[in-house]
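When you line the sequence shown up against our numbering, it's residues 395 to 535, in that order.
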Amino acid sequence: MSEEQAQQLMQQMQMLETYFTDLSQREGTLLSVLREAISAIESMKSLHQKPNSDTLVPIGMGTYVQTKISSNDKIILNIGAGIAVEKTYDSTINYLEARIKEIEVALQDTSAKKQEAIARLEQGKEQMNQLMQESSQNISG
Numbered sequence: 395m396s397e398e399q400a401q402q403l404m405q406q407m408q409m410l411e412t413y414f415t416d417l418s419q420r421e422g423t424l425l426s427v428l429r430e431a432i433s434a435i436e437s438m439k440s441l442h443q444k445p446n447s448d449t450l451v452p453i454g455m456g457t458y459v460q461t462k463i464s465s466n467d468k469i470i471l472n473i474g475a476g477i478a479v480e481k482t483y484d485s486t487i488n489y490l491e492a493r494i495k496e497i498e499v500a501l502q503d504t505s506a507k508k509q510e511a512i513a514r515l516e517q518g519k520e521q522m523n524q525l526m527q528e529s530s531q532n533i534s535g
């Protein structure tokens, strides 16, 4: 293997390491969103069981206002792009559960890509080790 090929291999490995880091960050973001969705469902179920319950509403900078939830029949749901819609309790739960399934699929895909990147990095390390051995044999031979 020539020096040029070795440099190409090093560049490929650096790109794979960057790709792996990006995938890890994506996985972390997806896990955070998944936890938030699960927490939202749990909170909604808890509030649905206790109508007219007291709660705290954040108003910013660690400041809260105590309030009473007067109705848990309708929920305002942010569906993206700054758009919020009013939905029933059941349809909101269904929407969030569908989103959870999408997130789980994305997590599986990301995990598979991470495993593939790890395998390719290991393969690159083996090639680099072979190159080093060949190089040392050529020098001593």
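Note that CB positions come from ideal geometry on N, CA and C, so glycine has one too.
Span separating the alpha-carbon of residue i from that of residue j
i    : j    : result
L424 : S529 : 44 angstroms
D416 : S505 : 12 angstroms
P452 : Q524 : 60 angstroms
G518 : I487 : 46 angstroms
Q531 : K508 : 35 angstroms
E436 : E430 : 10 angstroms
Y413 : P445 : 48 angstroms
I432 : N472 : 16 angstroms
K344 : Q460 : Beyond the ends of the chain as shown, which are 395 and 535, falls residue 344; an answer cannot be given.
Spatial neighbours of residue i in its chain, beta-carbon cut-off 6 angstroms, leaving aside the 5 residues before and after
i    : result
S465 : none
I512 : none
R493 : A431
D579 : Any question about residue 579 goes unanswered here, given that the chain covers just 395 to 535.
Residue i and residue j closer than 8 angstroms at C-beta
i    : j    : result
L490 : I463 : no
L428 : I497 : yes
L403 : M522 : yes
T457 : K468 : no
Cut-off 7 angstroms between Cβ atoms - residues of its own chain near residue i, not counting five sequence neighbours on either side
i    : result
I470 : A478, E480
R514 : L410
Other residues of its chain near residue i: CB distance less than 8 angstroms, five sequence neighbours each side excluded
i    : result
A434 : L490
Q527 : none
M407 : L515, G518, K519, M522
Contact belief for residue i with residue j at Cβ below 8 angstroms, rounded distance in angstroms
i    : j    : result
L501 : E421 : 7 angstroms
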